[in-house]
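J.: Pasting a structure below so you can have a look.
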Amino acid sequence: MKILVIQNRKGIGDMVIFLPFIEAIAKKFYTKVSILVKENSKASQFLKNNKNIDEIIILDRDNKNKNGKHDGLKGSFELINDIKKHNFDKMFIFNSSLRFNIIAKFTGVKKIYQYPLLKKKNQHLIKTAQNFLKKELNLDVPSDPKILVSSENINHAKSRYKIQDTQTNILLGVGGSGYTKRISPDIFIKLMELCNKEYNCKFFLATGKKEEEQKILNEILQSKFNDKCIALDQLNLIDILPIIKNCKISVCNDSSFSHLSAAVGIETIVLMADTPLLYGNYSPRMHPIIPD
């Protein structure tokens, strides 16, 4: 049996949030499932070794220029053809889009499961997915994403980056996809000062490559804690995950790294800015701090 799951939300956070639902489908039918996701979900980096996922197919649409392979009417036919090539038996669509419903029917997939059509307004990100799988497959799926990292990779990262168990290793997620999500570098530096008074710390700085994120990173690296910091901005996620797994705690703003650190099993303090609280408390390992 071949199964396709469509998760068309953008970003790493949403990809992590939907991971339990994707894995639940695979376990229900005792088979790996393929997923159709956007490139910026970075699924091809951090899910390529997931034992429940077969092929990761990229949904190429909704970029800034609206010129993706799957954009527009022509793009819809391209997507239909791309899906047809795989001869899927079942398809699960985690959205209420009429467009995806029509595309799915033209692919020839015999059994199609989808959210109620045209009901996107006020949909709860997690409860809607849970209700969907309860209704269609009688599955109760908790909101507890988990990403497994092999012992071999954990030990390799420990050796390569000289991570010592005698130190308190802390992940700091200092970047953010939008300016309203970002926290001032002064706050992170103050946190580092407080931690370092009580513990022998090493700080791993996780951020993206956008100009504003790099400014935050550089300001922290120019502080007196420079020799206690390792920047991770030049690494792929597959290489960052074992480093995170070696940390004792994670402190992040609402960024991809708060989602990833909680998913690999690290207790994660999430510094919330203007994003919905759901993005900082859906995992039992997330502990949100809400601004005054």
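Its first residue numbered 0, the sequence shown is counted upward by one per residue in numbering that gives the first Met the number 0.
Built from N, CA and C at the ideal position, the CB exists for glycine as well.
1) Classify E54 as helix, strand or coil using the three-state DSSP reduction.
2) Considering only DSSP beta bridges, list what Y112 is partnered with.
3) Could you pull the start and end residues of the alpha helix (DSSP H) that G12 belongs to?
4) Figure out for me which residue from D53, L18, K50 and K27 has the closest Cα to the Cα of S40.
5) At the level of alpha carbons, what is the spacing between V108 and N48?
6) For N51, which residues from the same chain have a beta carbon less than 8 angstroms from its beta carbon, with the 5 sequence-adjacent residues on both sides left out?
7) Taking Cβ to Cβ, would you say V263 is nearer than 9 angstroms to I162?
8) So I153 and P241 are supposed to be a Cβ contact under 8 angstroms. How far apart are they, rounded?
9) Got a sec, what are the start and stop residues for the beta strand (DSSP E) M271 sits in?
10) Within a Cβ cutoff of 7 angstroms, which residues of the same chain sit near I102, ignoring the five residues on either side of it in sequence?
11) Looking at the structure shown, is M285 part of a helix, part of a strand, or coil, going by DSSP?
12) Roughly how many whole angstroms lie between the Cα atoms of N7 and Q221?
13) Comparing alpha-carbon positions, which option in S255, Q122, N94 and A128 lies nearest L171?
14) DSSP state of L117, grouped into three classes?
15) What did DSSP end up calling K201 once you bin it into helix, strand or coil?
16) So, under 8 angstroms CB-CB, K119 and S142 are touching, yes? Tell me the CB distance rounded to an integer number of Å.
17) Would you kindly report the start and end of the unbroken beta strand (DSSP E) that includes L170?
18) Pull up the distance between the alpha-carbon of I237 and that of K126, whole angstroms please.
19) So the candidates are N137, L132 and N121; which of them puts its Cα closest to the Cα of P275?
20) Can you list, in chain order, the residues of its chain with a C-beta nearer than 8 angstroms to that of L231? Leave out the 5 residues immediately preceding and following it.
21) From this set, L3, V36 and N62, which residue's C-alpha is nearest F91's C-alpha?
22) Note down the Cα distance separating N252 from I188, rounded to an integer number of angstroms.
23) Leaving out the 5 sequence neighbours to the left and right, which residues in its chain are closer than 6 angstroms to V148 when beta-carbon positions are compared?
24) In the DSSP assignment, the alpha helix (DSSP H) including I162 goes from what residue to what residue?
25) Under a Cβ-count criterion, where at least 16 other Cβ atoms within 10 Å of its own Cβ denotes burial, should Q201 be classed as buried or exposed?
26) Relative to the C-alpha of Q213, which candidate in I186, G175, V15 and N199 has its C-alpha closest?
27) Between N100 and L116, is the Cβ-Cβ spacing less than 9 angstroms?
28) Taking K307 and N168 to be in contact with their CB atoms under 8 angstroms, please state how far apart those CB atoms are, rounded to whole angstroms.
29) Tell me whether the beta-carbon of D59 lies closer than 9 angstroms to the beta-carbon of K68.
30) For Y278, which residues in the same chain have their Cβ closer than 7 angstroms to its Cβ, ignoring the five residues on either side in sequence?
31) With burial defined as no fewer than 16 other Cβ atoms inside 10 Å of the residue's Cβ, what is the status of S183: buried or exposed?
32) When the distance is taken between beta carbons, is E218 closer than 9 angstroms to R181?
T.: On the basis of the coordinates in this document:
1) Sequence index remark: in the sequence shown, residue 54 carries index 55 (1-based). Correct three-state label for E54: strand.
2) Along the sequence shown, one-based indexing puts residue 112 at 113. BP columns for Y112 point to F91.
3) As a working note, residue 12 is residue 13 in the sequence shown. It spans I11 to K27 - the alpha helix (DSSP H) in which G12 sits, taken as one unbroken run.
4) Residue numbering aside, residue 40 sits at position 41 when the sequence shown is read from its first letter. It is L18.
5) As a working mapping, residue 108 is identified with position 109 in the sequence shown. As a working mapping, residue 48 is identified with position 49 in the sequence shown. Roughly 26 angstroms between the two C-alpha positions.
6) By 1-based counting over the sequence shown, the position of residue 51 is 52. Excluding residues within five positions, the ones whose Cβ falls inside 8 angstroms are I21, E22, A25, K26, K31 and V32.
7) As a working mapping, residue 263 is identified with position 264 in the sequence shown. As a working mapping, residue 162 is identified with position 163 in the sequence shown. Going by C-beta atoms, V263 is not nearer than 9 angstroms to I162.
8) Sequence index remark: in the sequence shown, residue 153 carries index 154 (1-based). Sequence index remark: in the sequence shown, residue 241 carries index 242 (1-based). With a Cβ gap of about 5 angstroms, I153 and P241 count as contacting.
9) As a first step, residue 271 must be located in the sequence shown, where it is residue number 272. No beta strand (DSSP E) contains M271, which DSSP labels as neither H nor E.
10) Residue 102 sits at position 103 when you count from the first residue of the sequence shown. Cβ neighbours of I102 beyond the five flanking positions: S75, L78 and I79.
11) Position 286 of the sequence shown, counted from the start, is the residue given in the question as residue 285. Residue state, collapsed to three classes: strand.
12) As a position in the sequence shown, residue 7 is number 8, starting the count at 1. As a position in the sequence shown, residue 221 is number 222, starting the count at 1. Those two C-alpha atoms are separated by around 39 angstroms.
13) Looking up residue 171 in the sequence shown gives position 172. Comparing Cα-Cα distances from L171 to each of S255, Q122, N94 and A128, the minimum goes to S255.
14) Counting from 1 along the sequence shown, the entry for residue 117 is found at position 118. Looking at L117 - three-state DSSP - the assignment turns out to be coil, as it is neither helix nor strand.
15) Here residue 201 refers to the residue found at position 202 when the sequence shown is read from its first residue. It is a strand residue.
16) On the sequence shown, residue 119 is found 120 positions in, with the first residue counted as 1. On the sequence shown, residue 142 is found 143 positions in, with the first residue counted as 1. Not quite, the Cβ-Cβ distance comes to about 20 angstroms (not below 8 angstroms), so this is no contact.
17) One-based indexing of the sequence shown puts residue 170 at position 171. Note, L170: beta strand (DSSP E), T167 to G172.
18) Here residue 237 corresponds to residue number 238 of the sequence shown, with the count starting at 1. Here residue 126 corresponds to residue number 127 of the sequence shown, with the count starting at 1. Straight-line Cα distance between these residues: approximately 29 angstroms.
19) Within the sequence shown, residue 275 is the residue found at index 276, counting from 1. Checking every option, the nearest Cα to that of P275 belongs to N121.
20) Reading the sequence shown from its first residue, position 232 is the one you call residue 231. Same-chain partners within the cutoff: F203, L204, A205, T206, I239 and I242.
21) Sequence index remark: in the sequence shown, residue 91 carries index 92 (1-based). For the residues L3, V36 and N62, the minimum Cα distance to F91 belongs to L3.
22) Mapped onto the sequence shown, residue 252 falls at position 253. Mapped onto the sequence shown, residue 188 falls at position 189. Spanning the two alpha carbons is a distance of roughly 14 angstroms.
23) Sequence index remark: in the sequence shown, residue 148 carries index 149 (1-based). The residues are L240, P241, K244 and V263.
24) Looking up residue 162 in the sequence shown gives position 163. I162 -> no alpha helix (DSSP H), and no H or E assigned at all.
25) Translated into positions along the sequence shown, residue 201 becomes position 202. Just to set this straight, residue 201 is Lys in the shown sequence, not Gln. That one is buried.
26) Stepping through the sequence shown from its first residue, residue 213 is reached at position 214. Per the Cα distances, G175.
27) Numbered from its first residue, the sequence shown carries residue 100 at position 101. Numbered from its first residue, the sequence shown carries residue 116 at position 117. Taking 9 angstroms as the Cβ cut-off, N100 and L116 qualify as a contacting pair.
28) Residue coverage of the chain in this structure runs from 0 to 291, which leaves residue 307 outside it and unanswerable.
29) Numbered from 1 along the sequence shown, position 60 holds the residue referred to as residue 59. Numbered from 1 along the sequence shown, position 69 holds the residue referred to as residue 68. Contact flag set, yes.
30) The residue labelled residue 278 in the question sits at position 279 within the sequence shown. So the list reads G12 and D253, once near-sequence residues are dropped.
31) The residue you call residue 183 lines up with position 184 of the sequence shown. Answer is exposed; the Cβ neighbour count stays below 16.
32) The sequence position of residue 181 within the sequence shown is 182, counting from 1. The sequence position of residue 218 within the sequence shown is 219, counting from 1. Not a contact, by the Cβ cut-off of 9 angstroms.
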